[in-house]
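Written below as structure tokens is the structure these notes are about.
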Amino acid sequence: ITNTNSSVKTINQKIEHVWKTQEEQRQKLYREYSQQFVTLFLEWDISVQKTKEEEEKLANLCHEQQKIFQQARIVQSRRLKKIKNLYDQFLKSMADFEKDHEHLLTDEQSEVRQGMAMLQDTIVMETQQQELAIVRKSLQSLLF
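Per full-length UniProt numbering, the sequence shown starts with residue 1, numbered consecutively.
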């Protein structure tokens with residue numbers, strides 16, 4: 001019995017020793033990997049935070065860029081309207097100028113025609129007076 005008890009005790013001690021050794025190794029392995037996992041998770045979390053910050057910065061930059069493009073479009077649209085208005089004014093001014101020029105030419109042509117008619121009348125009168133004077137002279141020379 002003593003021998004059996006002793007054997008059981010020895011076996012129990014060996015099992016307990018193996019169990020403790022395995023538990024210690026398991027704990028050691030757990031600590032090593034736990035520390036590595038914690039470190040990796042912290043690094044991953046930091047990386048995620050940085051990515052979120054960069055994402056926010058990029059979103060803000062995109063929003064600002066969009067505002068700048070919208071403002072540029074507004075400015076371009078206003079300038080285009082100014083160009084169109086100026087072009088319309090130019091066309092109207094040219095049309096008015098052509099009408100005025102046409103009236104001026106018509107008025108000038110009328111004045112030239114009137115002047116020509118007056119000159120023609122004057123020439124006709126002078127010619128008639130000269131012919132009349134010649135006829136008088138001829139008559140006077142015949143009579144006297």
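Glycine is no exception: its CB is placed at the ideal position from the N, C-alpha and C atoms. Quick caveat, the model's predicted, so the values are computed rather than measured.
*Put F37 into one of helix, strand or coil per three-state DSSP.*
Three-state result, F37: helix.
*Alpha carbon to alpha carbon, what distance is there between L40 and H63?*
Rounded to whole angstroms, H63 and L40 show a C-alpha spacing of 34 Å.
*Euclidean distance between Cα positions of E108 and K99*: Distance between the alpha carbons of E108 and K99 is about 14 Å.
*Tell me the start and end of each unbroken beta strand (DSSP E) in the stretch 92-141 that is at least 3 residues and wholly inside, in chain order.*
none
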